[in-house]
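Reading through the structure tokens given below for one structure.
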Amino acid sequence: MDWKLRKKYKALLEQERGYLKKVWGTYHSVCLAYPNYYRVGMANLGFQTVYKIFNDQPSFLCERLFLTAPEDDAEFASGAAGVVSLESQKPLRQFDILAFSVSFENDYPNILKMLARAGIPLLAAERNDSYPLIIGGGIAPTLNPEPLADFFDLFILGEAEIALPQFAVSFAQAARRRKSRLKYLADMQKNIPSVYVPSLYKVKYDKESRIKSVEPVNQDLPVKIKIRPIRDISAFTTQEIISAPRTEMEDMFLVEINRGCGHYCRFCAAAYAYHPPRFRSAKQVLKSASQGLKEKRKIGLVGTAVCDHPELITLLDEIVFQNAQAGISSLRIDKISPELIGLLKNAGIETVALAPEAGSQKLWDLLRKGITEQDIVRAAEILIEKDIPNLRLYFMVGLPLEDAADIDAIIELAKKVQHTALRHTQGKKKFRRITLSINQFIPKPHTPLQWCALDDVQEVSKKIKKIEGAFRKDKQIKVICDVPKWNYVQALLSLGDRRVGEILLAVQRLNGNWKKALKDVNINPDFYVYRQKPVKEILPWDIIELGVPKKNLVSDYQKILKPGETD
């Protein structure tokens with residue numbers, strides 16, 4: 273390995289608190305990889321949780337790997353650097369297992385880049401037993417692992433706290449008995465719920481390129497991969513393990529307080545992937561917070577429905593009592609109260625995020641947000657009265673049944689929130705800024721909107737430009753948005769089947785040139801992205817059962833569209 277990178281890794285470890293470095297030679301070795309930069313990966317609580325679970329297994333050691341920073345890419349291009357782990361700077365080829373924690377579809381190309389740099393064949397079919405076992409998990413493959421199916425030996429889907437220790441035991445037993453890779457993969461597929469070995473399932477297509485069937489290669493294997501939730505998340509802790517410098521949330525100690533969401537907004541994959549909603553006890557959360565306050569003065573409360581926690585007020589009150597600050601991602605509009613906002617203000621919060629998602633009642637009802645314009649204005653009034661100087665509003669464009677009036681409604685709603693803020697401050701209180709975060713709606717697997725097509729990215733660009741133009745001269749309202757072309761890529765990787773892996777291979781071969789890759793590969797990406805699917809079609813991710821029956825999703829979907837559009 274290049275000595276500059278080795279020195280850089282050692283300097284980084286010197287600034288961390290909480291990492292483990294076990295002695296090599298007596299353990300099964302795992303390199304846990306996050307396919308993005310260190311500052312992003314170390315802010316991911318799921319990644320840190322998997323790191324702890326592996327290291328808690330008596331016969332395992334786990335080290336970390338991240339996508340190299342842009343300034344280090346030249347070292348790899350010249351061949352001067354090798355891909356090594358952070359803790360001990362061991363080459364990847366020396367590990368027994370290479371495990372990828374994957375949260376976002378747009379990180380898929382980085383997985384192939386990391387494998388290629390390590391000299392590991394990209395396709396699972398081309399790897400023999402001398403290479404590390406390549407496994408994956410996280411929210412993205414849990415929703416739809418198929419675009420990555422040809423690259424991974426095995427996926428561990430859903431929540432890791434039970435399945436991952438079971439996998440570790442099975443792997444250790446296979447190693448002792450010197451089982452071949454093919455044999456122990458088959459054993460794991462049979463015996464461990466949440467495990468998915470793609471090579472053990474064959475996909476057939478019809479003449480129209482739609483999936484005809486997905487079948488196991490033999491009758492001993494399960495027909496469906498059934499993901500079951502952990503009933504009691506208070507049975508274990510999920511909190512920050514390693515405090516790291518230069519990360520996206522380095523000032524906060526992260527603590528998970530809930531999983532799932534009982535509101536089941538029709539676009540929200542997290543609500544369906546982590547069904548049903550569960551809450552960690554206040555006693556346990558406060559125990560984690562007390563540990564965190566020994567390191568930091570800010571506690572980040574993490575969850576998919578933080579505002580629904582039945583003891584949220586108690587949690588915030590105790591954090592404030594300890595002269596600490598709290599951090600919460602976004603608040604449900606219908607849960608905002610003077611008491612809650614007062615506590616957040618006392619906990620040091622100056623910016624509150626709300627997620628109207630749309631600007632009209634028609635689309636709020638379609639999304640099942642359960643809110644009205646009056647709720648949003650009331651929430652803004654409470655925030656301003658409690659001296660919260662910055663507001664962030666999340667909106668989506670390109671929603672089903674959206675028209676020009678719905679885009680105008682976003683503009684008008686933002687203006688009403690601004691006028692509400694100015695009216696309540698009356699020059700006496702300081703109001704700084706409203707930030708509008710505009711994102712394109714992307715259909716997600718396992719949601720009632722999974723059959724929808726992505727709105728044309730060119731049309732979405734026009735909609736975003738209209739919103740930007742409305743506030744170009746307004747210094748109090750700032751508009752931020754994603755690049756629409758990457759939304760197309762995300763939709764392709766979210767909704768694609770195994771054949772999309774050919775596009776990923778081309779992207780890797782062409783050094784990230786998506787435009788050329790999409791032209792070179794004889795696959796029509798619009799087939800996945802711009803096509804509304806009939807409800808009777810077999811979808812790529814139908815092999816995964818997350819707990820919400822497909823018939824329920826179909827029924828919900830049919831409620832929002834015109835009769836005859838879903839056949």
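Numbering (this note's numbering), first residue to last: 273 to 839.
Beta carbons are placed, not taken as given, at the ideal position from N, Cα and C, and that holds for glycine.
These figures come from a predicted structure and were not determined experimentally.
Asked: Euclidean distance between Cα positions of A789 and K734; Found: 26 Å
Asked: Counterpart residues of K750 in DSSP-defined beta bridges; Found: T707
Asked: Residue closest to S562, alpha-carbon to alpha-carbon, out of G532, M524 and T576; Found: M524
Asked: Rounded separation between G354 and R389 - CA only; Found: 7 Å
Asked: Cut-off 7 Å between Cβ atoms - residues of its own chain near P835, not counting five sequence neighbours on either side; Found: Annotation note: pLDDT 46 at P835 (below 50); position unreliable, coordinate value reported separately. Closer than 7 Å at the Cβ level, and outside the excluded window around P835, lies no residue.
Asked: Check whether K294 and L333 have beta carbons under 8 Å apart; Found: yes
Asked: Residue span of the alpha helix (DSSP H) that contains Q597, given as start and end; Found: Per DSSP, Q597 belongs to no alpha helix (DSSP H); it is in the beta strand (DSSP E), Q597 to I600.
Asked: Exposure label - S560; buried when at least 16 CB within 10 Å; Found: buried
Asked: Distance CB(I648)-CB(S709) smaller than 8 Å; Found: no
Asked: Per-residue DSSP class, three states only, for A627; Found: strand
Asked: Alpha carbon of F799 to alpha carbon of H691, nearest angstrom; Found: 44 Å
Asked: Whether A598 touches N530 by CB criterion (8 Å); Found: no
Asked: Residue-level contact to chain B via CB, A763, 8 Å cutoff; Found: In the structure shown, chain B does not exist; there is a single protein chain.
Asked: Cα-Cα separation between Q247 and V467, rounded to whole angstroms; Found: No statement about residue 247 is possible, as the shown extent of the chain runs from 273 to 839 and does not include it.
Asked: According to DSSP, residues forming a beta bridge with K822; Found: Answer by DSSP bridge pairing: none, since K822 is not bridged.
Asked: Counted within 10 angstroms of its Cβ, other Cβ atoms place F319 as buried (16 or more) or exposed; Found: buried
Asked: Whole-angstrom distance between V374 and S350, CA atom to CA atom; Found: For S350, the pLDDT reaches just 44, beneath the cut-off of 50, and the residue's location in the model is therefore unreliable, leaving the point undetermined.
Asked: Cross-strand partners of P363 (DSSP beta bridge); Found: V356
Asked: Y380 beta carbon less than 8 Å from that of F338; Found: no
Asked: For N378, the three-state DSSP class (helix, strand or coil); Found: helix
Asked: Proximal residues to I643 (C-beta, below 8 Å), its chain only, five neighbours per side dropped; Found: I605, D606, P628 and W636
Asked: Run of the beta strand (DSSP E) containing P488, from where it starts to where it stops; Found: I483 to P488
Asked: Candidates K750, Q698 and R482: closest to K808 by CA position; Found: R482
Asked: Terminal residues of the beta strand (DSSP E) in which K607 lies; Found: Premise fails: K607 is in no beta strand (DSSP E) and is neither H nor E.
Asked: Helix, strand or coil at Y309 [DSSP, three-state]; Found: coil
Asked: Backbone secondary structure at I585 - three-state DSSP; Found: helix
Asked: Where G351 sits in the DSSP three-state scheme; Found: Confidence is the limiting factor: at G351 the pLDDT is only 49, short of 50, which leaves the residue's position unreliable and the question unanswerable from this model.
Asked: Beta carbon of G670 nearer than 8 Å to that of V732; Found: yes
Asked: Bounding residues of the alpha helix (DSSP H) (the contiguous stretch that carries S452); Found: No alpha helix (DSSP H) contains S452, which DSSP labels as neither H nor E.
Asked: Exposure label - L677; buried when at least 16 CB within 10 Å; Found: The amino acid occupying residue 677 in the given sequence is Ala; Leu does not appear at that position. Classification of A677: exposed, given that the 10 Å Cβ count is below 16.
Asked: Outcome for K566 when other beta-carbon atoms lying within 10 angstroms are tallied against a minimum of 16; Found: exposed
Asked: Contact test: A447 Cβ vs the ligand GTP heavy atom, cutoff 7 Å; Found: Of the ligands one can find in the structure shown there are none, so the ligand GTP has no counterpart to examine.
Asked: Beta strand (DSSP E) segment containing R650, residue limits; Found: Per DSSP, R650 belongs to no beta strand (DSSP E); it is in the alpha helix (DSSP H), E645 to E657.
Asked: Residues that R278 bridges to, as DSSP identifies them; Found: Looking at the DSSP assignment, R278 forms no beta bridge with any residue, so it has no partner.
Asked: F593, buried or exposed, once every other Cβ within 10 Å from all chains shown has been counted against 16; Found: exposed
Asked: Pairwise C-alpha distance: T719 and P821; Found: 11 Å
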